[in-house]
Amino acid sequence: MSYPSQQKSFPLPNNRHQARCQKINEMELEIGTISGIEVEALETALSIVSRGTMLEKAKIVIHRIQGKARCEECGHEFALDLPFMPCPLCQSVHVVILQGKESHIKTLKAE
Ligand SMILES: [Zn+2]
646 MSYPSQQKSF PLPNNRHQAR CQKINEMELE IGTISGIEVE ALETALSIVS RGTMLEKAKI
706 VIHRIQGKAR CEECGHEFAL DLPFMPCPLC QSVHVVILQG KESHIKTLKA E
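Okay, structure coming up:
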């Protein structure tokens with residue numbers, strides 16, 4: 646026995662989910678200062694690629710995360726403006742990056 650007509654009526658969860666989200670009102674991004682991403686270039690790119698999409702009217706909020714590192718030799722923590730910097734106190738190159746490489750979406754507010 647087969648039920649070909651019933652198979653056609655199965656709901657499609659993905660389509661229903663998309664129908665609930667009409668547009669994005671706000672998108673928050675976290676971009677680290679040593680992520681290699683230029684915020685101005687990113688904003689320009691986003692304004693171009695979002696045209697005609699649900700992101701078109703969204704307010705884009707970009708949070709800059711200051712690069713930070715800790716020296717493994719002396720324990721000193723310092724601000725990092727380049728991906729590779731020696732410790733400013735002891736000049737050691739054995740430093741661990743604590744933050745600043747982020748490049749992700751923090752929140753999306755949708756309708
Ligand atoms: Zn040090």
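In this text, residue positions in the sequence shown follow this note's numbering: the first is 646, and each later residue adds one.
All C-beta atoms in this analysis are idealised placements derived from N, C-alpha and C, irrespective of residue type, glycine included.
Out of the options, point me to the one whose CA is closest to residue i's CA.
{"i": "residue 748", "options": "674, 666, 668 and 706", "result": "674"}
{"i": "residue 724", "options": "672, 705, 666 and 678", "result": "678"}
{"i": "residue 718", "options": "750, 732, 745 and 709", "result": "732"}
{"i": "residue 711", "options": "705, 726 and 689", "result": "726"}
{"i": "residue 740", "options": "705, 688 and 728", "result": "728"}
{"i": "residue 708", "options": "745, 692, 735 and 697", "result": "745"}
Who are the Cβ neighbours of residue i in its own chain at under 6 Å, not counting the five residues just before and after it?
{"i": "residue 699", "result": "668 and 669"}
Mark residue i as exposed unless 16 or more other C-beta atoms lie within 10 angstroms of its C-beta, in which case mark it buried.
{"i": "residue 714", "result": "buried"}
{"i": "residue 750", "result": "exposed"}
{"i": "residue 693", "result": "exposed"}
Along the chain, where does the beta strand (DSSP E) that runs through residue i open and close?
{"i": "residue 725", "result": "722-725"}
{"i": "residue 707", "result": "704-710"}
{"i": "residue 700", "result": "Residue 700 -> no beta strand (DSSP E), and no H or E assigned at all."}
{"i": "residue 677", "result": "669-677"}
{"i": "residue 736", "result": "Run containing residue 736: none; DSSP gives neither H nor E here."}
{"i": "residue 751", "result": "748-755"}
Could you pull the start and end residues of the alpha helix (DSSP H) that residue i belongs to?
{"i": "residue 687", "result": "684-694"}
Might you give, ordered along the chain, the residues of its own chain that have their beta carbon closer than 8 Å to the beta carbon of residue i, omitting 5 neighbours on each side?
{"i": "residue 743", "result": "713, 714, 715 and 722"}
Whose C-beta lies closer than 7 Å to the C-beta of residue i among residues of the same chain, with five residues either side of it excluded?
{"i": "residue 702", "result": "668"}
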